[in-house]
Amino acid sequence: MDKLNYNLKPYYNKLSETCEKYPVDKLFFFGSVCTDSFNPESDIDLIIKLEPMKTLVQGETILNLWNEFEDIFQRKVDLLTTDQQIKNPVLKRNINNTKQLFYDRESRKISV
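Everything in the sequence shown is counted per this note's numbering, starting at 954 for the first residue and increasing by one.
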């Protein structure tokens, strides 16, 4: 069992329900939750790709998702979107080295 699968197993149902409730096209995890360094003090790092929508609605949706993810995990959540340009080279490398797809609306299933 990989680390992401192990670390997220207790949250599968709530995460899947949240992705279905909102127009989440894809949900990725990255950072420590995907590695051996994940611990009780770690935050959760997420990247979401939303279905196309008006800018105002998108902003509200991102805030609602962020609140729901923090409620689910009961810890700090860092939420990025696929629309953001990552300029910090260390963050970009961390994302590229650890990013894993968790949810894909097209296949309607959790991928881990």
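Beta carbons: idealized from backbone N, C-alpha and C, even for Gly.
With DSSP as the reference, identify every bridge partner of residue i, one or two as the case may be.
| i | result |
| --- | --- |
| K1002 | K979 |
| V1030 | I997 |
Reducing DSSP to helix, strand and coil, say where residue i ends up.
| i | result |
| --- | --- |
| D1057 | strand |
| T1014 | helix |
| I1048 | helix |
| N966 | helix |
| N992 | coil |
| I1039 | coil |
| D955 | coil |
| T1007 | According to the sequence as given, residue 1007 is Lys; it is not Thr. Note: K1007 maps to coil in three-state DSSP. |
Within 10 angstroms of the Cβ of residue i, are there 16 or more other Cβ atoms? Answer buried if so, exposed if not.
| i | result |
| --- | --- |
| N960 | buried |
| V1043 | exposed |
| D998 | buried |
| L1009 | exposed |
| T1035 | exposed |
| G1012 | exposed |
Give me the Cβ distance between residue i and residue j, rounded to the nearest whole Å; I'm assuming they're in contact under 8 angstroms.
| i | j | result |
| --- | --- | --- |
| F981 | L1054 | 6 angstroms |
| Y975 | L1033 | Between L1033 and Y975 the Cβ distance is about 16 angstroms, and since that is not below 8 angstroms, they are no contact. |
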